[in-house]
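Trainee: Got a structure here, written out as structure tokens. Questions coming.
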Amino acid sequence: MLFGFWEDFFYYIQHEGFERIINLFWYFFYLEAPRFILMDLIVLAVIVWPSKKRKLKYEAARNAFFAENPLISIIVPGKNEGEHIFALVTGFREQTYSNIEFIIVDDGSTDDTYTICRNLKQNGLIDIYLRNEERGGKASAANLALRYATGKYIVHVDADTSFDRDAIESIIIPFYLDSRVGAVGGNIKV
């Protein structure tokens, strides 16, 4: 059945001729086909052109960021985060951007956070370690860390978080893309 259709179709095209087919289906050839082709070209232009422009703008912002090389202060307030601190610090030390300072505030931990952070500080993996003997809360610990931060940008993270290798870039580059940006947040993926 299907084979018969195509056989008839090609027979019709062969015997009618190109001019007759154009005259018979003039509406499609003169109106519909150009309309669809033109619409496809417009859609391609709308999608592809801004994408390339955005990519160039992003590369320029990234280059400006690396050329300036600002100090980024990473503040980590937390309580009883001993099991997470080492992974967090080593993860940040593997970032594509390396001009960072670590400020960890231990907010009255009762686990081995103090020992781990002290060892990390002695090995040069964290810059500042602050310890509150009594719990003051996460906001209080973050404010304490802010007093010691010297970076141009502040990145506030939880100790039990892991990041991609280009997380610092992804967080800071929006400031270079648009001068009106005042803060950047991230998506939590579990």
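Reminder that position 14 of the sequence shown reads as 38 in my numbering, one-by-one numbering, no gaps. Ideal Cβ placement from N, Cα and C applies to all residues, glycine included.
#1: Let me know the alpha helix (DSSP H) ranges lying completely inside the segment 41-76, each 4 residues or longer, listed in chain order.
#2: Going along the chain, which unbroken runs of the beta strand (DSSP E) with 3 or more residues stay wholly within the segment 167-211?
#3: Between I128 and chain D, is the shortest Cβ-Cβ distance under 9 Å, so that the two count as touching?
#4: Mapping DSSP to helix, strand and coil, what is L154?
#5: Tell me which residue opens and which closes the alpha helix (DSSP H) that G132 is part of.
#6: Buried or exposed: K103, going by 16 or more other Cβ atoms within 10 Å of its Cβ?
#7: Rounded to whole angstroms, what is the Cα-Cα separation between A173 and L112?
#8: Hey, L154 and I128: beta-carbon distance below 9 Å or not?
#9: What does S97 pair with, by DSSP beta-bridge criteria?
#10: Count the CB pairs spanning the segment 149-164 and the segment 70-78 that are closer than 8 Å, and state whether there are at least three.
#11: State the beta-bridge partners of G102 as determined by DSSP.
#12: Could you say which of D130, T114, D202, L55 lies nearest to T185 if we only look at CA atoms?
#13: Looking only at its own chain, which residues have a Cβ that is under 7 Å from the Cβ of K176, when we skip the five neighbours before and after it?
#14: Have a look at G209, R204, T137 and flag the residue whose alpha-carbon is nearest the alpha-carbon of A191.
#15: Just to confirm, are D182 and G160 a CB contact at a threshold of 9 Å?
#16: For F52 versus E193, is the C-beta distance shorter than 9 Å?
#17: I need the DSSP call for L6, collapsed to helix, strand or coil.
#18: Quick check: the Cα distance between E83 and F126, rounded to an integer number of angstroms?
Mentor: Put simply:
#1: Given a length threshold of 4 residues, each whole run of the alpha helix (DSSP H) inside the segment 41-76 is given here in chain order: 42-48.
#2: Those beta strand (DSSP E) runs which fall completely within the segment 167-211 and span 3+ residues are 177-180.
#3: No chain D appears in this structure, which consists of one protein chain only.
#4: Correct three-state label for L154: strand.
#5: Secondary structure note for G132: it is in no alpha helix (DSSP H), with a DSSP letter that is neither H nor E.
#6: Per the 10 Å Cβ criterion, buried.
#7: A173 and L112: Cα-Cα distance of roughly 18 Å.
#8: Contact flag set, yes.
#9: Its beta-bridge partners are E125, I178.
#10: Of all C-beta pairs linking the segment 149-164 to the segment 70-78, fewer than three are shorter than 8 Å, placing the two stretches out of contact.
#11: Under the DSSP definition of a beta bridge, G102 partners with D130.
#12: Distances from the CA of T185 to each of D130, T114, D202, L55 were compared; the closest alpha carbon is that of T114.
#13: If we look at K176 and ignore the five residues flanking it on each side, its Cβ neighbours are P94, L95.
#14: Considering only alpha carbons, the answer is G209.
#15: No, Cβ-Cβ distance for D182 and G160 is not below 9 Å.
#16: Not in contact: F52 and E193 (Cβ atoms no closer than 9 Å).
#17: As displayed, the chain neither begins before 25 nor continues past 214, which places residue 6 out of reach and without an answer.
#18: Their backbone Cα atoms lie some 27 Å apart in a straight line.
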